[in-house]
Every structure is written in C-alpha cells, then in structure tokens.
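*Asks:* Take the sequence shown: its position 510, counted from the start at 1, is 510 in full-length UniProt numbering, and no numbers get skipped.
Every residue, glycine too, gets a C-beta built ideally from N, C-alpha and C.
Attaching a single structure in structure tokens format; questions to follow.
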Amino acid sequence: MNTPMLTILGLGPGSIYDLTVQAHTLLTQAAEQQQIVYFRTTLHPAAAALKQELPELQIRSFDHLYDESDTWDTLYERIASEVCQLAAQQPIIYAVPGHPLIGESSVQLLVQQARERGITTRIVAGLSLLEPVCELLSLDPYDRGLQILEATRLAALESNEIAGALIPTAPLLIPQIYNRRLASDIKLVLGELYPDEWPVRLVRLAGLSANEEPVLEIPLYELDRTNVTNHLCTLYVPPVDELTSLRLPETLRSITMRLRRDPDGCPWDREQTHQSLTRYVIEETYEVVEALEENDMEKLAEELGDLLLQVYLHAEIARQEGDFSLGDVYEQINAKMIRRHPHVFGTAEAETAGQVALNWEEIKKAEKRQAGIQPEETGLLDGVPQGMPATMIAQKYQKRAMRAGFRYDQVDEIITKLGTELEEFRQANTAEERLDELGDILFVVVLLASWFKLDAEEALRHANRKFKQRFQSMERLAREEGRDFSSYTSAEWLERWQRAKTDETHKSDLV
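Written out as structure tokens, the structure is:
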C-alpha cells in the first residue's frame with residue numbers, strides 16, 4: 001500500500017522568473033501528466049504566467065474559502081483539512097506564495113495535520129517574500145530584531161494577547177494582508193500599541209509594473225482605506241521609541257531605569273532605597289483599595305499603575321545593587337502561579353473553591369519542605385506579614401488558632417469577654433494600662449467578626465466611609481444655615497447627626 005504524499009511548493013514572491021528550477025520542473029511535469037495543482041490562491045502573478053506558459057496545467061484554488069470563512073482562525077484550518085483529504089486519496093501538489101515555511105500559517109497547520117493522518121510531506125523551496133520586501137525597504141532583517149507575523153495570525157489575537165505577541169520597539173513585517181477586511185482587523189490590533197498617526201508602509205509585490213509605486217506610506221489609521229491590499233501585500237511597521245509606546249511594560253521599565261540613572265536621571269529617584277519607598281508601597285496599595293471600594297474603574301487603572309511603578313522601582317534598585325532583576329520578579333510569580341494551580345496547568349482536580357484552598361495549603365507546605373523548613377520548626381502563627389493592618393493580622397491569627405481548635409464554643413462567650421475587657425479598660429489608671437486594655441477590646445471585637453466570618457478590616461472601612469458621608473452632610477447643613485461649627489451645642493450636633501442618617505437612609509431607598 002502506497003504512503004499518501006503531499007508536495008508543498010513555493011511560488012516565490014511574484015514573477016514566474018522567481019520560481020526555482022525544482023519548482024518549475026515539478027509544475028511542468030504536472031502539466032504533462034494532467035495532474036491538478038492546488039493553489040492556496042490564484043491571486044498571484046505566477047498563476048497567470050504559468051497558465052500562459054503551460055496551457056495544459058490544471059489549477060484549482062481555495063480562493064472561495066476566503067469569503068466563506070467567518071474567522072481567520074478557521075480559514076487555514078479548512079484549507080488544511082481539504083488538502084489533507086485530497087492527499088489521502090492520491091499524491092498532490094499544493095502551491096503557496098513565497099517560501100512554504102516563511103510567513104505561511106496554512107503550511108504550518110497543514111504539516112501538523114498531515115503528520116497526524118500519516119501523510120508524508122515534501123517541501124519544495126521558493127524565494128520568500130522577505131528578500132524583495134527588505135530590498136524595497138532597504139531593510140536589514142537582522143537589525144534591531146525584525147519581527148514577522150502573518151496577517152491572519154495577528155488579526156486572530158485576543159486583546160489580552162497583543163502586548164505579549166508584539167514588541168513595538170522592534171520593526172515589524174506583516175505579510176499577506178489580502179483584503180480590506182483583514183486590513184481593518186490588523187489596524188485595530190496595532191492600534192492597541194501604536195499611535196493612530198504612526199507612519200506605516202505597504203509593500204505591494206503584486207504591482208510589478210514600472211508605473212506603480214511598490215511602497216505606499218500612510219498613517220496607520222488609513223490602512224483599511226486603501227484599495228491596494230492583496231495576497232502579496234506586506235505591511236512594514238517601523239519601531240517606535242520606548243517613550244512613545246505608552247502601553248508597553250518595557251516603557252515603564254525604561255522610565256524607571258532612566259530615573260535612577262546617574263548623572264542624567266532624577267536626583268530624588270536616585271536617592272531612594274527599599275526602606276525609603278516602603279511608605280509609598282503602602283499608600284499606593286490603599287489607594288488601589290479605595291478605587292475598588294468606590295468601583296471607579298478609571299481611577300483603578302491609574303492607581304494600579306502607581307502601584308506597579310513601585311514594583312518596577314524596587315526591582316530597579318535591586319538590579320543596581322546586584323540582588324535581583326525585574327525578570328526574577330516575573331519568574332518567581334509565574335512559577336508560583338503555575339505550581340499552585342495544578343488543577344489548571346497540571347493533572348490535579350479541583351471542582352470547588354474549597355478544594356482549591358486545600359490544594360493551595362498542601363502545596364505551600366510542600367514548598368516549605370523543599371526549602372528545608374520542617375513543619376515542627378514553623379508555628380501556626382508564623383508567616384503572617386507584620387506590615388498589614390492590625391485588624392487583618394489579628395483576624396489571621398484568630399482564624400489559624402480556631403482551625404487548630406483554640407476557640408470559644410458559643411458566641412455569647414465572646415460577647416461576655418468583650419464586656420469584661422470594657423470593664424478592665426474602665427478600671428485602668430495609666431496610659432500604658434489603657435493602651436493595653438484597648439488593644440484587648442479591639443482584639444475581641446475582631447474575634448467577633450471572625451466568629452461570624454466577617455472581614456473586620458472591611459467592616460471598619462465601611463464604618464469610616466459611613467462616618468465621612470454623615471459628617472460631610474452635617475457640614476453642608478452648617479453651610480446652608482450660615483453657622484460656624486463651634487457655635488453648635490451637643491444637642492444640636494446630635495440632631496443634625498440624626499438628620500444626616502435620615503437623609504442617607506432616604507437616598508438609599510431611592511436607589
């Protein structure tokens with residue numbers, strides 16, 4: 001039984017004279033044997049020239065699929081599937097523009113499917129589109145790390161994948177922008193990282209006549225307004241300066257490195273240390289929390305950026321001192337997330353959040369053992385960051401102690417304990433005693449939150465917001481009455497406080 005055979009042939013960048021001798025010989029033999037040759041597209045100058053030179057050559061194309069396919073992902077899958085079905089019946093030739101293995105997503109997919117179906121593949125090389133494009137642009141592909149990403153692959157990227165797939169600070173070639181619909185999708189993708197006015201160049205190898213300008217320079221926003229796109233159209237996107245591409249992580253890294261640089265950086269930033277920046281990390285964290293509580297997404301984006309700057313600054317200080325680099329930060333967190341989510345990135349199973357939490361604790365224990373830390377050397381209350389708010393530390397201590405069995409049996413016992421601590425505070429005589437007893441009161445109040453599975457810090461922040469709203473309502477009342485705050489009696493204060501609470505309740509009912 002003969003093994004199915006698929007020959008994938010490169011047609012070169014345009015002219016029939018760019019065909020290799022091997023490719024021309026195979027096509028001539030196919031014409032003589034009246035063998036059908038399948039072209040990915042006949043919208044290629046060599047297709048018409050071959051028909052004229054080899055009248056007996058039978059050509060079939062997949063041009064109809066370009067209009068029938070709903071997405072760019074499914075287009076080449078359909079082509080690959082149909083070619084494999086044909087090759088399974090008899091040896092066939094599949095011809096593509098340029099070189100089969102350079103900028104040809106359909107071929108990569110086709111080779112993979114052919115291997116899975118036991119079809120032998122043979123590559124017949126062709127001059128790629130890269131050489132003539134680089135010639136027309138006077139571009140050295142080895143200079144500045146040229147990126148090449150085929151148009152349909154780029155258009156299929158999700159918005160969260162774009163930043164990871166493209167580096168705007170390096171030059172970019174996008175071959176095979178074959179129609180305006182694809183050009184429009186490409187424009188939208190590039191618009192995530194490049195300015196709308198960024199000058200790009202369309203290289204049109206199909207326009208081989210002397211009276212056509214092969215390179216058209218236009219601003220990015222006009223990409224889908226031209227009528228010159230075709231299968232041999234390649235888009236060149238020049239690199240942007242790091243400070244121009246404001247949506248890149250690398251831009252922030254470049255900024256922080258520049259700020260810390262001596263002598264042309266910022267004097268203030270150069271003086272900062274890990275210790276001097278600690279307060280800013282805390283402040284920025286709380287500003288992120290505030291934006292979350294206010295559900296202000298525009299503010300959240302800004303505050304997350306401020307917090308991210310602190311990460312980059314600390315990483316840059318560490319790099320300059322030879323401790324670690326930003327890459328180490330990424331490596332640590334990426335490895336940790338993969339390691340602690342085996343139900344996502346591995347073979348473990350976890351159907352509920354509770355199972356995930358149990359897995360998480362077991363993985364953390366295994367990490368400690370691997371680091372040489374034995375369980376008996378670690379107390380239940382160890383590992384709680386002391387820089388957190390005191391209510392959060394207290395609640396973490398309490399939850400761990402309660403899981404170990406150190407807990408009250410009834411909530412009434414906690415309430416009784418709170419009364420006892422209040423009485424002890426009443427009897428305290430010195431500032432030190434009052435401070436100690438006040439801490440006990442607060443700890444028991446947090447314990448009450450832990451019993452009911454409430455977040456004590458969230459409860460206190462809610463109370464703070466509520467107090468602020470009511471006090472500001474009283475301030476408005478005072479301004480309306482034209483009175484100074486100091487002129488109010490205690491009874492008047494209480495009356496206005498009740499009015500503020502009533503107004504708050506009324507507004508809540510209206511929502």
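May I have a chain-ordered list of the alpha helix (DSSP H) segments no shorter than 4 residues that lie completely inside the segment 130-156?
*Replies:* 130-137 and 151-155
*Asks:* Can you name, in chain order, every residue of its own chain whose Cβ lies under 7 Å from the Cβ of valine 107, other than the five neighbours on each side?
*Replies:* The residues are Ile8, Val96, Pro100 and Leu101.
*Asks:* I'd like the list of long-range same chain contacts for glutamate 349, defined as Cβ closer than 7 Å, with 5 residues on each side in sequence excluded.
*Replies:* Excluding positions up to five away in sequence, the list reads His343.
*Asks:* Pop quiz: arginine 470 and alanine 500 are said to be a contact at Cβ under 8 Å. What is the actual Cβ separation, rounded to whole angstroms?
*Replies:* Arginine 470 to alanine 500, Cβ: 4 Å. Contact.
*Asks:* Which residue from Gly387, Phe345, Glu192 and Arg340 puts its Cα closest to that of alanine 366?
*Replies:* Arg340
*Asks:* In terms of residue numbering, what span does the alpha helix (DSSP H) encompassing tyrosine 477 cover?
*Replies:* Note that residue 477 corresponds to leucine in the displayed sequence, not to tyrosine. Boundaries of the alpha helix (DSSP H) harbouring leucine 477: 456-481, taken from the DSSP string.
*Asks:* Between the Cα of valine 111 and those of Leu130, Leu129, Glu82 and Glu197, spot the shortest distance and give me the residue it belongs to.
*Replies:* Minimum Cα-Cα distance from valine 111 among the listed residues Leu130, Leu129, Glu82 and Glu197 corresponds to Glu82.
*Asks:* Just the Cα atoms here: how many angstroms apart are tyrosine 476 and serine 486?
*Replies:* The question names tyrosine, yet the displayed sequence has arginine at residue 476. Roughly 15 Å between the two C-alpha positions.
*Asks:* How about leucine 166 and valine 200: are their beta carbons less than 8 Å apart?
*Replies:* Leucine 166 places its beta carbon 8 Å or farther from that of valine 200.
*Asks:* Beta-carbon separation of glutamate 150 and glutamine 113 under 8 Å?
*Replies:* no
*Asks:* Rounded to whole angstroms, what's the CA-CA distance from lysine 51 to isoleucine 162? Just pull it up for me.
*Replies:* About 41 Å.
*Asks:* With a threshold of 8 Å, are at least 3 pairs of Cβ atoms found where one atom belongs to the segment 38-51 and the other to the segment 128-135?
*Replies:* As far as the Cβ criterion goes, the segment 38-51 does not touch the segment 128-135, which means the pair count is below three.
*Asks:* Cβ atoms of isoleucine 59 and alanine 88: under 8 Å apart, would you say?
*Replies:* no
*Asks:* Note down the Cα distance separating arginine 78 from leucine 65, rounded to an integer number of angstroms.
*Replies:* 8 Å
*Asks:* So within the segment 3-40, which uninterrupted alpha helix (DSSP H) runs reach at least 4 residues, ignoring any that extend past its ends?
*Replies:* 21-32
*Asks:* Exposed or buried, leucine 494, counting other C-beta atoms within 10 Å across all chains shown (16 or more means buried)?
*Replies:* So leucine 494 counts as exposed.
*Asks:* With 16 as the cutoff for other CB atoms within 10 Å, does glycine 354 come out buried or exposed?
*Replies:* exposed
*Asks:* What does a CB cutoff of less than 6 Å around glutamine 398 pick up in its chain, not counting 5 residues either side in sequence?
*Replies:* Leu447 and Ser450
*Asks:* Taking its Cβ as the centre, do 16 or more other Cβ atoms sit within 10 Å of isoleucine 93, making it buried, or is it exposed?
*Replies:* buried
*Asks:* What does the alpha-carbon distance come out to for the pair tyrosine 38 and asparagine 230?
*Replies:* 19 Å
*Asks:* Alpha carbon to alpha carbon, what distance is there between aspartate 196 and leucine 442?
*Replies:* 56 Å
*Asks:* Arginine 253 and leucine 326 - do their beta-carbons sit closer together than 8 Å?
*Replies:* yes
*Asks:* Nearest CA to the CA of leucine 438: which residue from Gly419, Lys453 and Trp198?
*Replies:* Leucine 438 has its Cα closest to that of Gly419, out of Gly419, Lys453 and Trp198.
*Asks:* Touching or not, the segment 233-241 and the segment 176-186, by the rule of three or more beta carbon pairs under 8 Å?
*Replies:* Judged by Cβ distances under 8 Å, the segment 233-241 makes contact with the segment 176-186, as three or more pairs qualify.
*Asks:* Using the Cα positions of isoleucine 393 and serine 69, report the straight-line distance between them to the nearest angstrom.
*Replies:* 57 Å
*Asks:* Tell me which same chain residues have a C-beta within less than 8 Å of the C-beta of cysteine 84, skipping the five on either side of it?
*Replies:* Leu6, Leu110, Gln113, Ala114, Arg117 and Ile119
*Asks:* Could you give the C-beta distance for glutamate 298 and arginine 260, rounded to a whole number, given that I count them as a contact under 8 Å?
*Replies:* With 8 Å as the limit, glutamate 298 and arginine 260 do not qualify as a contact, their Cβ atoms being about 29 Å apart.
*Asks:* According to DSSP, isoleucine 59 sits in a beta bridge with which residue or residues?
*Replies:* Val37
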